[in-house]
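The next block holds one structure in the form of structure tokens; read it before the comments.
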Amino acid sequence: MTRISPQLGPMLVVALIVLALYWPLMYLANIPAAQRALDTGAALPCKTAFECATQLRSPVLPSPQQLWNGFRNLMFPLNSPNAIPLNAAVTALETVVGLLLAALVGFFFAIGIVASRAFERSLLPWIVASQTIPVIAIAPMLVVLLGQYGVQGWIPKAIIAAYIAFFPIAIGVAKGLKSPDPLSLDLMKTYNANNWQTYLMLRFPASIPYLFTAFKVAMTAALIGAIVAEISTISFQGIGKMLAENSRASDVVAMWVIMLSSAVLGILLVALVNWTERLVTPWQRAKVAATPMPKQARVSKQEGG
Amino acid sequence: MVVQPSKPALSRVLLDWMLLVLGFGLLLWFIAIWWNQSEPASDAQKLLIWGGFLLAALGIARVANQFVNTTNPVIGFTPAALTLLVVVVTAEALLRAYQVPPGLIPTPSRVLSTFFAVRDVLLQDAFQTVVLEALVGYLIGCGLGVITALLVSRYVFLERGLLPYATVFSSIPIVALAPVLVKMVGIDWQSKAVIVAITVFFPVVVNTFRGLTEVSPLSLDLMRSYAASEVQQYRWLRLPNALPFIFNALKLGTTLAMIGAIVGEFFGANGQGLGFRIQIEAGRFGFDIVWSAIIVASLIGIAWYNLVAWLERRLTGWHVSFR
Amino acid sequence: MKKWSVLWVLAVFVLASLASAQQNLIKVNLQLKWFPQAQFAGFFVAKERGFFRAQGLDVTLLPAGDQSPIQVVQSGAADFGTTWIADLLTARERGIPVVHLAQIFQRSGFTLVALKSSNIKNLCTDMKGKSVGVWPSGNEYPAVALFRKCGLTSSLDPRATNPDVTAVSYPFDPSLVFPDKVQLVAAMTYNEVNQIAGLGYDETKVDVFKLADEGINLLEDLIFTTERVLNERNFKGSGLTGRQVAARLIRASIQGWNWAVANQAETVEKYVLPVCGNTCKGSGTRADAKGHQTWQMAEIAKLYNAGATTKGWAGFLVPADYQASVRLLREQGILTKDPPATTVDYGPWEAATGKRARDWK
Numbered sequence: 001m002t003r004i005s006p007q008l009g010p011m012l013v014v015a016l017i018v019l020a021l022y023w024p025l026m027y028l029a030n031i032p033a034a035q036r037a038l039d040t041g042a043a044l045p046c047k048t049a050f051e052c053a054t055q056l057r058s059p060v061l062p063s064p065q066q067l068w069n070g071f072r073n074l075m076f077p078l079n080s081p082n083a084i085p086l087n088a089a090v091t092a093l094e095t096v097v098g099l100l101l102a103a104l105v106g107f108f109f110a111i112g113i114v115a116s117r118a119f120e121r122s123l124l125p126w127i128v129a130s131q132t133i134p135v136i137a138i139a140p141m142l143v144v145l146l147g148q149y150g151v152q153g154w155i156p157k158a159i160i161a162a163y164i165a166f167f168p169i170a171i172g173v174a175k176g177l178k179s180p181d182p183l184s185l186d187l188m189k190t191y192n193a194n195n196w197q198t199y200l201m202l203r204f205p206a207s208i209p210y211l212f213t214a215f216k217v218a219m220t221a222a223l224i225g226a227i228v229a230e231i232s233t234i235s236f237q238g239i240g241k242m243l244a245e246n247s248r249a250s251d252v253v254a255m256w257v258i259m260l261s262s263a264v265l266g267i268l269l270v271a272l273v274n275w276t277e278r279l280v281t282p283w284q285r286a287k288v289a290a291t292p293m294p295k296q297a298r299v300s301k302q303e304g305g
Numbered sequence: 001m002v003v004q005p006s007k008p009a010l011s012r013v014l015l016d017w018m019l020l021v022l023g024f025g026l027l028l029w030f031i032a033i034w035w036n037q038s039e040p041a042s043d044a045q046k047l048l049i050w051g052g053f054l055l056a057a058l059g060i061a062r063v064a065n066q067f068v069n070t071t072n073p074v075i076g077f078t079p080a081a082l083t084l085l086v087v088v089v090t091a092e093a094l095l096r097a098y099q100v101p102p103g104l105i106p107t108p109s110r111v112l113s114t115f116f117a118v119r120d121v122l123l124q125d126a127f128q129t130v131v132l133e134a135l136v137g138y139l140i141g142c143g144l145g146v147i148t149a150l151l152v153s154r155y156v157f158l159e160r161g162l163l164p165y166a167t168v169f170s171s172i173p174i175v176a177l178a179p180v181l182v183k184m185v186g187i188d189w190q191s192k193a194v195i196v197a198i199t200v201f202f203p204v205v206v207n208t209f210r211g212l213t214e215v216s217p218l219s220l221d222l223m224r225s226y227a228a229s230e231v232q233q234y235r236w237l238r239l240p241n242a243l244p245f246i247f248n249a250l251k252l253g254t255t256l257a258m259i260g261a262i263v264g265e266f267f268g269a270n271g272q273g274l275g276f277r278i279q280i281e282a283g284r285f286g287f288d289i290v291w292s293a294i295i296v297a298s299l300i301g302i303a304w305y306n307l308v309a310w311l312e313r314r315l316t317g318w319h320v321s322f323r
Numbered sequence: 001m002k003k004w005s006v007l008w009v010l011a012v013f014v015l016a017s018l019a020s021a022q023q024n025l026i027k028v029n030l031q032l033k034w035f036p037q038a039q040f041a042g043f044f045v046a047k048e049r050g051f052f053r054a055q056g057l058d059v060t061l062l063p064a065g066d067q068s069p070i071q072v073v074q075s076g077a078a079d080f081g082t083t084w085i086a087d088l089l090t091a092r093e094r095g096i097p098v099v100h101l102a103q104i105f106q107r108s109g110f111t112l113v114a115l116k117s118s119n120i121k122n123l124c125t126d127m128k129g130k131s132v133g134v135w136p137s138g139n140e141y142p143a144v145a146l147f148r149k150c151g152l153t154s155s156l157d158p159r160a161t162n163p164d165v166t167a168v169s170y171p172f173d174p175s176l177v178f179p180d181k182v183q184l185v186a187a188m189t190y191n192e193v194n195q196i197a198g199l200g201y202d203e204t205k206v207d208v209f210k211l212a213d214e215g216i217n218l219l220e221d222l223i224f225t226t227e228r229v230l231n232e233r234n235f236k237g238s239g240l241t242g243r244q245v246a247a248r249l250i251r252a253s254i255q256g257w258n259w260a261v262a263n264q265a266e267t268v269e270k271y272v273l274p275v276c277g278n279t280c281k282g283s284g285t286r287a288d289a290k291g292h293q294t295w296q297m298a299e300i301a302k303l304y305n306a307g308a309t310t311k312g313w314a315g316f317l318v319p320a321d322y323q324a325s326v327r328l329l330r331e332q333g334i335l336t337k338d339p340p341a342t343t344v345d346y347g348p349w350e351a352a353t354g355k356r357a358r359d360w361k
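As structure tokens, then:
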């Protein structure tokens, strides 16, 4: 697939338009703030509001130069406890462990839902309800509680990440387990396969594509969970801790840099799922490539979050 | 009782219910005798509580089978209601048995009485958080999302230039935007509405677009052969086809909206809101009020979700998934 | 030849320092109430000048953001912490077994700041219908006590549906709310007062109401721990009891504080500025970190060098001050009953200083 994607051109054009619009927007947003700062006599290395718009300490929109400087300050040294790489790695670890934990719990619930109507009737409403509870509210309690039993540091954050990530996995896998058509299920019966065999040979393989679709949604959810947990609980490392800290210190440029970095982190983590999917299920790719896409029914290749 | 395909023997049904009642009885009995105690219970009593919980849980697991095939939603909810009840009663008993301080975890009874005492203020908070912040943001975000999707599906250039970004952006942790936006827009409700709008926007765009474009080529050809205009195509084919997809995004958006609004309040609030209340009270160990606020938030979240689901059934009742 | 001897000396030195590091220093985590700044100067000095090490302690100073120091200590992530007395007493009433060990600041530095042009002359009579900016996480109690004392309800009170005062929570940056959103804003004498001045509202343009002058003298930075740590028989396998470790921590901390207050310029230059990040900066015209911290150090010294400290009883919680704080919180309904006697433990402080609490006059 060395052919240049037809999307590349338009994507670049859109990116250029956005970039070109950024400068006027930035001046528009910052000049009033700069004027105010000049009026109050703040110590700024500039004379006019126009000049100051790119040098404000807390700009409404940071100038590209400020962003670049902030980026350089926050990226290096790579292993500094106050730099993004180390903190991003901690958050990524929490997210991935949370996702794996969520997969475990999600699988358990999915099997319960598919195997037993009684289970579904008694628990499914609360599984759904659990998602309406703002995780940020229970996070502090959970962390203090787990701390009583010596569970500290990044593990509570992974658990909180798992709490919001297990739901899409449970629902997705349940769908996948139910997906084999009745014909195949009947066939298994005629072969005298017992329940376990049906699961092992038919239902589990059928649920794998669903699993990965769910993983993509769940990965973003887990990342949000990890960041929220870091913001709202005891944390000394992580993207969320950096956000909270710089919000307290009112360092707007740093907040922007961290925001952009966390976006990149989210994109990378979802890409990780995509990559794993291709590694684990090479036949899926073959199938997609073999199916010609009808021109009218354009299918976006990714499942939306 | 209820309609059952194969009626189990009456004696077994009775036995199941007996298990349930016995388990609940044990738990309630303990709570009653420990109501005014301030010492931790003995190991035997703690064991008794766990026993009561297991009995009740086993009872529910067996009783639930009797409700499997009912179509009445209220009766069908019975097992779920019993599950909640057993969890709440067990929590009450355990917290009393271990004498867990209320500054760590409050007992459910304490939460309920606090909830009753502070309900007026919580309702005001809920108005600020849900109506002003979450709902306004949700409507704006969803509205813009659908419009964007319509444009993107109509113009190939936009599809190629914008859609990849939308897909990528929906994997961004939106919470990271919250501090920046609060700083930018201010601490009033508008900043949270903006956070919510951005949060729900991307899933709506991606899902709506899929719905608008994943139409069967056959139907489209048919429309064309009738010389249907572009507008007619959208009105009669693409939009109806997209509705189930849109509603999926709308349902997902309800939870995202609540989380977005509450997280936003953590970075500054004007003296009201569920997030403000939770933050203030968690800082002063008022976890009974925190839990009350959680109850309010979840009840509203569930109601909102169900409202959207109800709308979905009304508007897309013709769709396969409901037939 | 000379080169070799230098190397030998170096090698011996390295080995010796390694050996001393191995010398079973006890690892202790101390949770500060906020990000590193001159407010905690004494602890930085105690750490960097080796006062903690001389006591056999390897102390890690943890910064705090939103989290309540009490939650961190209760969860075990820190062994000791610093916080304010209202926070400590309410946590105790909610069943969290925290214990007061030593009182660092002898006077309250909590103020409310208003623009002169807003015509607020008397807090109690002019506050009704106004908005007040406060910090969350247990830092709002002094303001709450003031509201209650004036007979006003506030939006911080979960039982007031139509509050007289709207309390706006803001994340520690006055420019976010003042003076556009709130008429009054909480400010510490040693930090936000200077930040507000830096934003263009200096002493000539604002009134600074010290809460201590309004009869709300709730004591601030103190060292606390939990009963669990205190009653530890063998603290982290060190062979020392929790009380002994507490006494050593207090001794080194007081030593650090005395040094910091006596050598303010050096403290700021050598021990505060190197550990502080963004949070050390002031605002606007007073954004320079060194200037802001120098000013903060001077203000902090005033809070430290007061009351018991001036009589050579640094770290001592004066019983009368404690009772006044309790009485105030009870009168305002923030506490419903007297805290148990075990809430304050003079034992470690007595062991650290060799004084006896009952000798206080």
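Those sequence lines, one after another, are chains W, U and F.
For the first sequence, UniProt numbering puts the final residue at 305, and the numbers step up evenly by one.
For the second sequence, UniProt numbering puts the final residue at 323, and the numbers step up evenly by one.
For the third sequence, UniProt numbering puts the final residue at 361, and the numbers step up evenly by one.
Note that the Cβ used here is the ideal one computed from N, Cα and C, for glycine as well.
Tell me the rounded alpha-carbon separation between residue i and residue j.
{"i": "F:LYS130", "j": "F:SER154", "result": "10 Å"}
{"i": "F:ASN231", "j": "U:VAL168", "result": "54 Å"}
{"i": "F:ALA298", "j": "F:ALA265", "result": "9 Å"}
{"i": "F:ALA246", "j": "F:PRO348", "result": "6 Å"}
{"i": "F:GLN31", "j": "F:ASP345", "result": "19 Å"}
{"i": "U:THR78", "j": "U:ALA56", "result": "14 Å"}
{"i": "U:ARG235", "j": "U:ALA228", "result": "10 Å"}
{"i": "F:GLN244", "j": "F:LYS33", "result": "23 Å"}
Just the chain U side, please: which residues come within less than 8 Å of residue i by C-beta, in chain order?
{"i": "W:LEU123", "result": "ALA80, THR83"}
{"i": "W:VAL252", "result": "VAL180, LYS183"}
Against chain U, with Cβ distances strictly below 8 Å, would residue i count as a contact?
{"i": "F:LEU156", "result": "yes"}
{"i": "W:PRO156", "result": "no"}
{"i": "F:THR343", "result": "no"}
{"i": "F:TYR170", "result": "yes"}
{"i": "F:LEU140", "result": "At residue 140 of chain F the sequence reads Glu, which differs from the Leu that was named. Judged by the 8 Å Cβ criterion, F:GLU140 is in contact with chain U."}
Under a CB-based cut-off of 8 Å, is residue i close to chain F?
{"i": "U:ASP120", "result": "yes"}
{"i": "W:PHE71", "result": "no"}
{"i": "U:LEU104", "result": "yes"}
{"i": "U:ALA261", "result": "no"}
{"i": "U:ARG284", "result": "yes"}
{"i": "U:VAL2", "result": "Model confidence at U:VAL2 stands at a pLDDT of 45, short of 50, so the residue's coordinates are unreliable; what they give is reported in the following sentence. Not closer than 8 Å to any Cβ of chain F, the Cβ of U:VAL2 fails to qualify, so no."}
Between the Cα of residue i and the Cα atoms of the options, which residue gives the shortest distance?
{"i": "W:VAL217", "options": "W:ALA271, W:ILE17, W:TYR191, W:ILE155", "result": "W:ALA271"}
{"i": "U:LEU177", "options": "W:ALA49, W:ILE227, W:GLU120", "result": "W:ILE227"}
{"i": "W:SER57", "options": "F:ILE70, F:SER137, F:ARG148, F:GLY282", "result": "In the sequence as presented, Ser is not what sits at residue 57 of chain W; that position holds Arg. Checking every option, the nearest Cα to that of W:ARG57 belongs to F:GLY282."}
{"i": "W:GLY238", "options": "W:PRO81, W:ALA165, W:LEU177", "result": "W:PRO81"}
For residue i, return the contacting residues in chain U, with the cut-off set at a CB-CB distance below 9 Å.
{"i": "F:PRO274", "result": "Under the 9 Å cutoff, chain U gives no residues; its nearest Cβ is about 27 Å from F:PRO274."}
{"i": "F:LYS181", "result": "GLY186, ILE187, ASP188, ASN270"}
{"i": "W:TRP68", "result": "Per Cβ cutoff of 9 Å: no residues; W:TRP68 is ~17 Å from chain U at best."}
Determine whether the Cβ of residue i lies closer than 8 Å to any Cβ atom of chain W.
{"i": "U:PRO164", "result": "yes"}
{"i": "U:SER321", "result": "Only weak support exists for where U:SER321 lies, its pLDDT of 49 falling under 50; the value from the coordinates is given anyway. Answer no: the Cβ-Cβ gap between U:SER321 and chain W never drops below 8 Å."}
{"i": "U:SER225", "result": "no"}
Output, in chain order, the set of chain W residues within a Cβ distance shorter than 8 Å of residue i.
{"i": "U:LEU14", "result": "The contacting residues do not exist; U:LEU14 stays about 18 Å from chain W at best."}
{"i": "F:THR279", "result": "GLU245, ARG248, ALA249"}
Below 9 Å on C-beta distance, what does residue i contact in chain W?
{"i": "F:ASP173", "result": "SER58, SER247, ARG248, ALA249, SER250"}
Closer than 7 Å by beta-carbon distance: list the chain U residues that pair up with residue i, in chain order.
{"i": "F:SER68", "result": "GLY283"}
| said: Which complete alpha helix (DSSP H) runs does the segment 164–233 of chain F hold, if anything under 4 residues is left out? | reply: 192–198, 227–230
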